[in-house]
Amino acid sequence: GKLPFRKDVAEMLVGLKPRFVRWPGGCVVEGISLNDRVEWKKTLGDPAARPGIYDTWGYHASYGFGYHEMLCFCESIGAGGMFVCNVGIGCQYRQGDACSEEDIQFYIDDCLDAIEYALGPVDSEWGAVRAQAGHPEPLPLKYIEVGNEDEGTVYENRYNVFHKAIKEKYPQLTVICNNGLFGKGAIEETDMIDPHWYVAPDFFFQNTHLFDNVERGEYNAYVGEYGVNTNVGSGAMIGALAEAAWIGGMERNSDLVTMTSVAPLLENVNDRFWPVNLIWMNSSQVLGRTSYYVQQMASVNRPDYNVACSAYENTVAAPEYVPGRITLGTNQTVSEFKDLTVTTADGEVHTVDLGSFISRKGDWNCTGGVLRQNAPLAESTLCTFDCDFSGNYSIDLKFRRISGAEGCYIGFAMNEDATNGHRCSIGGWDDSITSIERILNGSGFNQGGMYKGSIVKEGEWQNIHLDIADGVSVLYIDGEKITEHHVVTESITYYAAGYDEDSSEMVLKIVNRSGEVFPLAVTLEGAAKVSRRGKVITLAAENEMDENSFDAPLKIHPVETTWNGFGRNFIYDLQPYSYTILRVKTEIL
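Here's what the structure looks like:
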C-alpha cells in the first residue's frame with residue numbers, strides 16, 4: 007500500500023541509499039518518563055485513530071509513521087529494519103525512572119511481540135495482525151537495539167535478560183547494546199555496541215584514528231548517532247568536512263565499525279529543537295544541508311574493501327598546552343580536596359588557596375584548608391581558581407571520595423570560563439575509566455590512552471600528581487603512573503581508500519579542511535594498470551561557514567567531472583574546503 011511520505015522527502019531519504027532504518031529513534035524510546043515512551047502497538051491501525059505522544063523534545067508526535075510503515079518502507083527500498091525497544095527505563099537524562107523487577111517481563115514480552123509482528127507466521131498472534139494490515143509475508147526486521155543511551159548496572163543486567171530471550175527465539179537477529187567503547191561492563195554477550203557522539207568540528211578532526219586501537223573480537227560497533235552540532239550555525243561546511251573526516255576513520259576501521267547512522271535525520275523548520283539536522287523541510291520544500299551530501303557521497307561510493315595506504319598528511323605544528331587555570335570537579339560523588347600546589351620549571355612552589363575559588367557549580371565549601379563538594383549531583387560540578395600557569399609545571403593535590411560512584415576532575419590549561427582546556431578524569435564511568443581529556447566547548451573527549459579499571463579508594467586520601475611538559479601530560483596516583491596525554495597535531499587532509507570490485511575502480515576519499523588549494527600527491531603501489539581517465543566527485547564551499555538554505559538549496563552540492571590525469575603516480579589539486587572522491591579504473595597485481 008501507499009506509505010505516509012511526501013514524495014520529495016522520501017526521495018531525499020532514498021538518495022542516501024540506506025542499508026537500514028532505525029525506529030522509533032533515540033530518546034523517544036524512553037520518553038520523558040516511562041509514561042511518555044513510544045508504544046509500538048499504538049502506532050498500528052488507522053493513522054487517524056492513533057493517540058500519538060508528547061515526546062521528549064516538547065511537541066506532539068502523531069504516530070503517523072508507525073512500526074508497520076517503517077518496516078514497509080524498509081522493504082520498498084531494500085533496507086533492513088532496526089527496532090529499538092524499551093527495557094523499562096525512562097530517559098536517564100530526564101526522569102530516569104525504572105520499572106520494578108517484577109514488571110521487566112512485560113517489556114520483554116512487548117519486544118518479542120514486535121519481532122513476531124515483523125517475522126512471525128500468519129497463524130501467530132502478531133503475525134496475524136500484520137496479515138490483517140495487508141502484509142502476510144514477513145517484513146525485513148534484522149536488528150534489535152535494546153534501549154537507547156541507557157547505562158549503568160541496572161541497564162546492563164536488564165540487557166542480559168533481553169539478549170537471552172531474543173536470541174533463544176530469534177538467533178538470526180543482531181542484538182545491540184548501548185555500551186560505548188569503554189567495554190561491556192556487566193553485559194555478558196552482545197553482537198554490537200552503540201557509541202554516540204554530538205560534538206564540535208575539532209573533535210571529529212582530531213579523532214579520526216580513535217578506532218584504530220580499539221580491541222577487536224568480542225563485538226562489532228554500530229555508531230548509531232553522530233553529528234557536528236555546535237559552532238557550525240545551522241549546518242555549515244566545516245561541520246560537514248569534520249563528519250567526512252570522521253567517516254573516513256570509521257571506513258578504515260570497518261572490520262570493527264560495521265554500521266553507522268547520522269542523527270538527527272529530519273527537521274520541520276517551523277518547529278526547531280536541534281540547531282542542525284540532516285534534512286530540512288517546510289510545507290512545500292525540502293533540502294539537504296551540507297552534511298546530507300557528505301553522507302550521500304560516502305554511501306553511494308562505498309567500496310567493497312579497504313586498501314592499505316600510507317598517508318603523509320600535511321599538518322600544522324602541534325600546539326603546546328596554552329596558559330590557563332586549574333579547576334576541580336566531581337560527578338555523582340561527595341568528595342574532598344586538599345594540599346593543592348603547583349611547581350614550575352624553575353622549582354618554585356605555588357600553594358593554591360582552596361578557599362579562593364572564583365566560580366563554582368555545585369555545593370562547595372572550604373574549611374581548614376579542605377575543599378568539599380557536598381552534593382551528589384547527576385551532572386558534573388566545577389570549581390575554578392584564578393591562577394594561570396604556562397610552560398612546564400606539575401600539579402600535586404590530595405583527593406578523597408566520601409561517597410558516590412565516581413572520582414574527580416582536575417582541569418588544567420583551562421580558559422577563563424572553563425569551557426576549553428584539558429582535564430584528568432579520574433574514576434569515570436562508575437570508576438572504570440581514568441583518562442586525560444581535551445575539553446572543547448564544555449565537553450570532554452579522550453585523545454589517547456586511558457586506564458581501564460577501578461582506581462578510587464573510598465574514604466582514603468589519594469595523592470594525585472600531574473606532570474605537564476612540552477605538549478605531554480602524565481598522571482600519577484599514589485606514585486603509580488596511570489596514563490598520559492599528547493597534544494594532537496592538527497591535520498589539513500583526511501583520507502580513506504578502497505576498491506570497488508564491480509567497477510574495478512580504486513576509490514579515494516579525501517577531505518581538505520583548509521582554505522587553500524591542496525596539491526595531493528598519490529602513488530598507487532601494486533597497480534598493474536591505471537586508466538588515465540577517471541571520475542571526480544567534489545563537494546566544496548568558498549567559506550567554511552557557508553551552508554545551504556531554502557533560498558539557495560544547492561549552494562553546496564556534489565559536482566561530478568571527469569579527469570584525464572590519473573596514473574600510478576599523479577597529483578590532484580583539492581579545492582579549498584572540500585570533500586573529494588576520486589574513482590579510477592585500476593587493475594591490481
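Numbering (our numbering), first residue to last: 7 to 595.
The beta-carbon is built from N, C-alpha and C at its ideal position, and this holds for glycine as well.
Buried or exposed (CB count within 10 angstroms, at least 16 for buried), residue i
i	result
THR373	exposed
ALA527	exposed
LEU9	exposed
PRO177	exposed
TYR149	buried
HIS66	exposed
TYR165	buried
VAL565	exposed
ASN518	buried
ILE577	exposed
PRO127	exposed
ARG278	exposed
SER479	buried
LEU446	buried
PRO525	exposed
THR440	buried
ILE59	buried
GLN2	Outside the modelled stretch of the chain, which goes from 7 to 595, sits residue 2, for which no answer is possible.
Three-state secondary structure assigned by DSSP to residue i
i	result
GLU511	strand
GLU443	strand
ALA104	strand
ASN554	coil
GLY86	strand
TRP63	coil
ALA250	helix
HIS74	helix
ALA502	strand
VAL205	strand
CYS97	coil
LEU272	strand
ASP436	helix
TRP280	coil
TYR578	strand
THR266	strand
LYS541	strand
PRO525	strand
ARG406	strand
Integer-rounded CB distance, given that residue j should sit under 8 Å from residue i
i	j	result
PRO207	ALA250	Contact doesn't hold; Cβ gap of about 11 Å is too wide.
GLY504	TYR311	6 Å
LEU377	CYS430	With 8 Å as the limit, LEU377 and CYS430 do not qualify as a contact, their Cβ atoms being about 16 Å apart.
PHE168	VAL93	6 Å
ALA317	TYR501	5 Å
SER520	PRO582	6 Å
VAL275	TRP286	5 Å
LEU530	THR592	6 Å
CB contact flag (residue i, residue j, <8 Å)
i	j	result
GLY241	THR296	yes
LEU50	ALA139	yes
CYS393	VAL358	yes
ILE416	LEU334	yes
ILE364	PHE391	yes
GLY87	VAL27	yes
ALA192	GLU151	no
GLN98	ASP156	yes
ASP476	SER400	no
LEU346	LEU403	yes
ARG589	GLU511	yes
ASN283	LEU272	yes
ILE332	PHE210	no
ASP437	SER460	yes
LYS515	GLY254	yes
GLY95	GLY31	A small correction: the amino acid at residue 95 is Ile; Gly does not occupy that position in the sequence shown. Taking 8 Å as the Cβ cut-off, ILE95 and GLY31 do not qualify as a contacting pair.
VAL536	LEU580	no
ASP200	TYR228	yes
HIS471	HIS428	no
LEU22	SER305	yes
ILE488	GLN468	no
LEU145	GLU194	no
Heavy atom of the ligand GTP within 7 Å of residue i beta-carbon
i	result
VAL205	Annotation note on the ligand GTP: not contained in the displayed structure, which lists no ligands.
Please give the ranges of any alpha helix (DSSP H) in the region 351 to 377, keeping only runs that are unbroken, at least 4 residues long and fully inside the region. Complete alpha helix (DSSP H) runs here, min 4: none at all.
What residue ranges within the region 116 to 202 form continuous beta strand (DSSP E) runs of no fewer than 3 residues, ordered along the chain? If we require 3 residues or more, the beta strand (DSSP E) runs fully inside the region 116 to 202 come out as 147 to 152, 180 to 182.
Could you name each continuous alpha helix (DSSP H) segment of 4 residues or more that falls completely within the region 284 to 354, going from the start of the chain to the end? Entirely contained in the region 284 to 354, the alpha helix (DSSP H) runs reaching 4 residues are, in chain order, 296 to 306.
Every unbroken beta strand (DSSP E) inside the region 207 to 241 [3 residues or more]: Those beta strand (DSSP E) runs which fall completely within the region 207 to 241 and span 3+ residues are 226 to 229, 231 to 234.
Start-end ranges of the beta strand (DSSP E) lying completely within the region 463 to 489, minimum 3 residues: Given a length threshold of 3 residues, each whole run of the beta strand (DSSP E) inside the region 463 to 489 is given here in chain order: 468 to 475, 478 to 483.
Considering only residues of the region 8 to 69, which uninterrupted beta strand (DSSP E) runs meet the minimum length of 3 residues and lie entirely inside it, listed in chain order? As far as the region 8 to 69 is concerned, its whole beta strand (DSSP E) runs of at least 3 residues are 26 to 29.
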